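Here the structure comes first, spelled out in structure tokens, and everything after it is commentary.
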Amino acid sequence: MRQRRISRRALLRASGRAGVGAAGLALVGCGGDDDEAEDPADEEEQSQAEAQSQSQAEAQAQSQAEAQASEQSQAEDEEESAAEGGTGVEAEAAEPTPGGILRLFTSTDNLDRFDPHRSRFRASQQALSLMYSRLLQPDSVSAGTLEADLAGLPEQPDETTYIFGLNPAAVFWDVPRTGGRAVTSEDVRLSFQRQIEGTNSGGDPDLRFYRQTLMARASAIEAPDDGTVTFTTPAPDATFVDSVIGGPWSFVISREAIDELAPQWDFQTNDTNASLASGSGPFVPSVLEGLTLSLLRSENWWGERPAYLDAIELVRPPNAELPTSYRDLQLDALDFPFSSDQIDAVEEQIPDGVRYEYPVDTPVQLSFALSNDPENPLSDPRLGAAIAQSVDRFALIERLYSGDGRPSGPVPWFLGDWALPEAQLLDFPGYRPNKADDMAEIGLLIDAAGGAEAIGELRLIVADLFEGFYPGVGESVTSMVQENAGLTISTRFRSYAEITEQLVQGALPSFFGWGPAPEQADPTDLWRASVHSEGAENYGRYLNTEVDALIEEMGATFDTGARQRLALQVQELLLTTAYWRQNLTNGIQLGIHHPYFHPELRAFDFGWSWHHLAGSWIDVDAETYPERELPVVPLDIDPNAPPAEDDASADGASEDDAGE
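Going letter by letter, the sequence shown gives residues 885 to 1544 in this note's numbering.
Listed below in structure tokens is the structure:
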């Protein structure tokens, strides 16, 4: 197997994640450490507050240590690049300077909505995270740490109350709709309440409020004054701050937008109308023209960390044209969807680039749903376990990522202390480096499920998008299962929309392809939905009362370290009891950027980290930086203009939303 040198920065990202989950922020607020306990109950709460304060201090120290180590490793990588003949050292200018237009590739053809409360596509979230603010935002997604955005860490006088004090400097964009006014607690309250109610402007239920159930974990939201907002939960909820407050979609919009723009947002023709946005983030959308989305730096950006770039342009050239666009300085960076070998080839032609790496956060999964029909072979979970064990993870890593990847258990490898240590993971069936060590157990499982002849032919559904990225991979996995399990497998290719629909209906036999990326490091919420026997997304009908009890305990355990230990117990059980959704591997994506581009390294954490691009900068005086013109200025619109109408229903998900 070809071995690729992994940079120090990649190793930091792959194995240096220790962080503490943001639920440990509870009781760290405006004075919780100074109050004296008045009775035994208060004393117990104070003790927990001190423990959680210590956890957060450790998390912050860890985050700082990682940042320092990451900066050091970047400098060392650039020295190595220079020694190898590159000019990566050029990327190390003395100080960040304002100006410049950053141009990056993203799937702008997959933007769904600029209403952040009714959007759900990854490309949309990336753009929205630069336009809108949250009460708290991820510092490190993979470590599970949060940092201040519109507010600092909450005061928590008890286990069900969270009091946030807003930053008085926070203001909306200085555009006609909001005029640069201050963000108030009423804006926050309405942004969350709107999603809890989940209705369109006519008062009808709207299924496009995809996070209605998540937001409804708040039983009450109050705005006692302009600078304070209080959330109450019906019971102790250890992941409330992580998931509801600091989640990737917890954006705050202006009350003017809610009052005036709701009728226009109801119609599909306005889904990606940039002029209907109303936020307080560092960048203002200018226009979506074709497949280019232009974002301009807000003239009244209030954040403590500067936004250096004049603009960010998100573009979507055809995949085949990406190397040419990078070579001709029409793109400032090149990574996904290119393989490491393709990046190597580009670097040979353009050797002055600076390399970077980040984890591919969408796990490659093999899933199977237990059938209610006793005549169906997949009614026996041992068959699903045998299929999963027969896939050679290491051969798959070589096949998909040219060796640049690692096996993933129920929690992907890059999520630090939440994931099983690799040395422990490799002891479990299916993960052993030598597939021969699994063969006896696979045979026993097949025999216990009735034998290969009685089982007959099985169908494996492969995501057509996945097959398109890696032609022939469906056949590769089918061959692994047939060879290692002695089963007869037929392959069918389906869209993700069809796969999701069949999964929800219980009609999907088995599936191979990319699974959903984790939204945060802490798996508690994901498991409540997809592992717990009563979970709304437990489509595989997994049932284990011991696992149920552990997940419920995680949801009520505020101490992060204790919750992580519970998570390790859950993973051990999932790996030994035929859990229906098997993570196989997550890759390592290699990228390269021009030396005039100085990215904020946290933007390369994973998945939901694009808000950190606001801290990136460009050396506009570099000889290689091309002259670029600012995109058009934001459009001034009349908020009272009648909405553009179309034939789309406003009270439910549109046809193109199904299963995405």
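Virtual Cβ for every residue (Gly too), placed ideally from N, Cα, C. This structure is a prediction, so every number in the text was calculated from the model and none was measured.
>> Is the beta carbon of H1001 closer than 8 Å to that of F1093?
In response: Numbered from 1 along the sequence shown, position 209 holds the residue referred to as residue 1093. Numbered from 1 along the sequence shown, position 117 holds the residue referred to as residue 1001. Against a cut-off of 8 Å, the Cβ pair of H1001 and F1093 comes out as a contact.
> If you compare alpha carbons, which of Q1079, Q1466, E1511 is closest to P1296?
Replying inline: Within the sequence shown, the letter at position 412 stands for residue 1296. Closest option to P1296, Cα to Cα, is Q1466.
> Which of helix, strand or coil does DSSP assign to D1245?
Replying inline: Your numbering for residue 1245 matches position 361 in the sequence shown. Residue state, collapsed to three classes: coil.
>> Please give me, in chain order, every unbroken run of the alpha helix (DSSP H) with length at least 4 that falls completely inside the segment 1291-1349.
In response: 1306-1309, 1323-1332, 1336-1339
> From this set, N1051, Y1285, S1182, which residue's C-alpha is nearest R1018's C-alpha?
Replying inline: Taking the first residue of the sequence shown as position 1, residue 1018 is located at position 134. The shortest C-alpha separation from R1018 is found at N1051.
> In whole angstroms, what is the alpha-carbon distance linking N1260 and G1340?
Replying inline: For the purposes of this step, residue 1260 is taken as the residue at position 376 of the sequence shown. For the purposes of this step, residue 1340 is taken as the residue at position 456 of the sequence shown. The straight-line gap from Cα to Cα measures roughly 10 Å.
> In this structure, does DSSP put R1378 in helix, strand or coil?
Replying inline: Here the question's residue 1378 lines up with position 494 in the sequence shown. It is a strand residue.
> Using the beta-carbon count (16 or more within 10 Å), is T992 buried or exposed?
Replying inline: Here the question's residue 992 lines up with position 108 in the sequence shown. The residue is buried, with at least 16 neighbouring Cβ atoms inside 10 Å.
>> In the DSSP output, which residue or residues are listed as bridge partners for D1042?
In response: The count along the sequence shown starts at 1 and reaches residue 1042 at position 158. T1045.
>> Using C-beta distances below 8 Å, list every residue in its chain close to E1140, excluding the 5 sequence neighbours before and after it, in chain order.
In response: Your numbering for residue 1140 matches position 256 in the sequence shown. The residues are R1061, T1062, S1162, P1523.
>> Suppose you measure from the CA of Q1545 to the CA of W1302; what does that come to, to the nearest Å?
In response: Nothing about residue 1545 can be reported from this structure: the residues present for the chain run from 885 to 1544 only.
>> With distance defined between alpha-carbon atoms, name the residue in V1055, E1403, E1039, E1043 nearest to G1049.
In response: Counted from its first residue, the sequence shown places residue 1049 at position 165. Of the listed residues, the one whose Cα sits closest to G1049 is E1039.
> How many Å lie between P1247 and L1020 at the Cα?
Replying inline: Your numbering for residue 1247 matches position 363 in the sequence shown. Your numbering for residue 1020 matches position 136 in the sequence shown. Rounded to whole angstroms, P1247 to L1020 spans 26 Å at the Cα level.
> Buried or exposed: where does A921 fall if 16 or more other Cβ atoms within 10 Å of its Cβ makes it buried?
Replying inline: Looking up residue 921 in the sequence shown gives position 37. Any reading at A921 is ruled out, since the residue's pLDDT is 34, under 50, leaving its predicted position unreliable.
>> Taking a contact to mean a Cβ-Cβ separation below 8 Å, would you say D1071 touches V1136 in this structure?
In response: Your numbering for residue 1071 matches position 187 in the sequence shown. Your numbering for residue 1136 matches position 252 in the sequence shown. The answer is yes: Cβ separation under 8 Å.
> Just the Cα atoms here: how many angstroms apart are W1411 and G1419?
Replying inline: For this step, residue 1411 is matched to residue 527 along the sequence shown. For this step, residue 1419 is matched to residue 535 along the sequence shown. So the two alpha carbons sit approximately 8 Å from each other.
> Secondary structure at D1109, three-state DSSP: helix, strand or coil?
Replying inline: Position 225 of the sequence shown, counting from 1, holds the residue named residue 1109. Looking at D1109 - three-state DSSP - the assignment turns out to be strand.
> Looking only at its own chain, which residues have a Cβ that is under 8 Å from the Cβ of W1398, when we skip the five neighbours before and after it?
Replying inline: In the sequence shown, the residue the question calls residue 1398 occupies position 514. Here the set comprises T1246, P1247, V1248, Q1249, A1347, L1349, F1350.
> Can you round the beta-carbon distance between L1284 and V1357 to whole angstroms, since I take them to be within the 8 Å contact cut?
Replying inline: Counted from its first residue, the sequence shown places residue 1284 at position 400. Counted from its first residue, the sequence shown places residue 1357 at position 473. At roughly 7 Å, the Cβ-Cβ gap stays under 8 Å, so L1284 and V1357 are in contact.
>> Distance check for L1218 and E950, CA to CA, integer angstroms please.
In response: Within the sequence shown, the letter at position 66 stands for residue 950. Within the sequence shown, the letter at position 334 stands for residue 1218. Residue placement at E950 cannot be trusted, given a pLDDT of 44 that sits under 50; the coordinates are not used to answer.
> For P1089, does the three-state DSSP call read helix, strand or coil?
Replying inline: Locating residue 1089 in the sequence shown gives position 205, counting from the first residue. Three-state DSSP puts P1089 in a strand.
>> What does the alpha-carbon distance come out to for the pair A1338 and L1371?
In response: For the purposes of this step, residue 1338 is identified with residue 454 of the sequence shown, where counting begins at 1. For the purposes of this step, residue 1371 is identified with residue 487 of the sequence shown, where counting begins at 1. Answer to the nearest angstrom: the Cα atoms are 10 Å apart.
> By Cβ distance, which residues of its chain are closer than 7 Å to A1272, with the 5 residues on each side in sequence left out?
Replying inline: As a working note, residue 1272 is residue 388 in the sequence shown. Within the same chain, A1272 has close Cβ partners L1250, G1314, Q1466.
> Given G913, which residues of its chain have a CB within under 7 Å of its CB, disregarding the five upstream and five downstream residues?
Replying inline: Against the sequence shown, residue 913 aligns to sequence position 29. Any reading at G913 must be qualified, since the residue scores a pLDDT of 29, below 50, and its modelled position is unreliable; the value itself is stated next. Result list for G913: L1037, P1038, E1039, Q1040, I1047, in chain order.
> Where does L1262 sit, in a helix, a strand or coil, going by DSSP?
Replying inline: Taking the first residue of the sequence shown as position 1, residue 1262 is located at position 378. In this structure, L1262 counts as helix in the three-state DSSP scheme.
>> Please report the distance separating the alpha-carbon of E1144 from that of R987.
In response: As a working mapping, residue 1144 is identified with position 260 in the sequence shown. As a working mapping, residue 987 is identified with position 103 in the sequence shown. Distance from the CA of E1144 to the CA of R987, rounded to the nearest whole angstrom, comes to 32 Å.
>> Considering only the alpha carbon of each residue, which of D1194, V1025, A1413, A1100 lies closest to V1504?
In response: Looking up residue 1504 in the sequence shown gives position 620. Closest by alpha carbon: D1194.
>> Among the candidates G1187, L1280, D1288, whose CA atom is the shortest distance from the CA of D1228?
In response: Indexing the sequence shown from 1 puts residue 1228 at position 344. Checking every option, the nearest Cα to that of D1228 belongs to D1288.
>> Please report the distance separating the alpha-carbon of D1331 from that of L1459.
In response: Position 447 of the sequence shown holds residue 1331. Position 575 of the sequence shown holds residue 1459. If you take the alpha carbons of D1331 and L1459, they lie about 20 Å apart.
> Thinking C-alpha only, which one of V1199, G1300, R1425 is nearest Q1448?
Replying inline: Here residue 1448 refers to the residue found at position 564 of the sequence shown. Comparing Cα-Cα distances from Q1448 to each of V1199, G1300, R1425, the minimum goes to G1300.
> Between which two residues does the beta strand (DSSP E) containing Q1473 stretch?
Replying inline: By one-based count along the sequence shown, residue 1473 stands at place 589. Note, Q1473: beta strand (DSSP E), 1465-1477.
>> Check for me: the beta strand (DSSP E) holding L1179 runs from which residue to which?
In response: Against the sequence shown, residue 1179 aligns to sequence position 295. L1179 -> beta strand (DSSP E) spans 1176-1181.
>> Less than 8 Å between the C-beta atoms of A1122 and G1352, yes or no?
In response: The residue labelled residue 1122 in the question sits at position 238 within the sequence shown. The residue labelled residue 1352 in the question sits at position 468 within the sequence shown. Their beta carbons are not under 8 Å apart, which means A1122 does not touch G1352 by this criterion.
>> If contacts are defined as beta-carbon pairs under 8 Å, then I1281 and T1469 qualify, I think. What distance do you get, rounded to the angstrom?
In response: Working through the sequence shown from its first residue, we reach residue 1281 at position 397. Working through the sequence shown from its first residue, we reach residue 1469 at position 585. Right, their Cβ atoms sit about 5 Å apart.
>> Quick check: what's the CA-CA separation for P1258 versus E1081?
In response: In the sequence shown, the residue the question calls residue 1258 occupies position 374. In the sequence shown, the residue the question calls residue 1081 occupies position 197. Roughly 41 Å between the two C-alpha positions.
> Among residues of its own chain, excluding the 5 on either side of L1514, which ones have a beta-carbon nearer than 8 Å to its beta-carbon?
Replying inline: On the sequence shown, position 630 is the one that residue 1514 refers to. Correct list, in chain order: I985, L1180, D1194, A1195.
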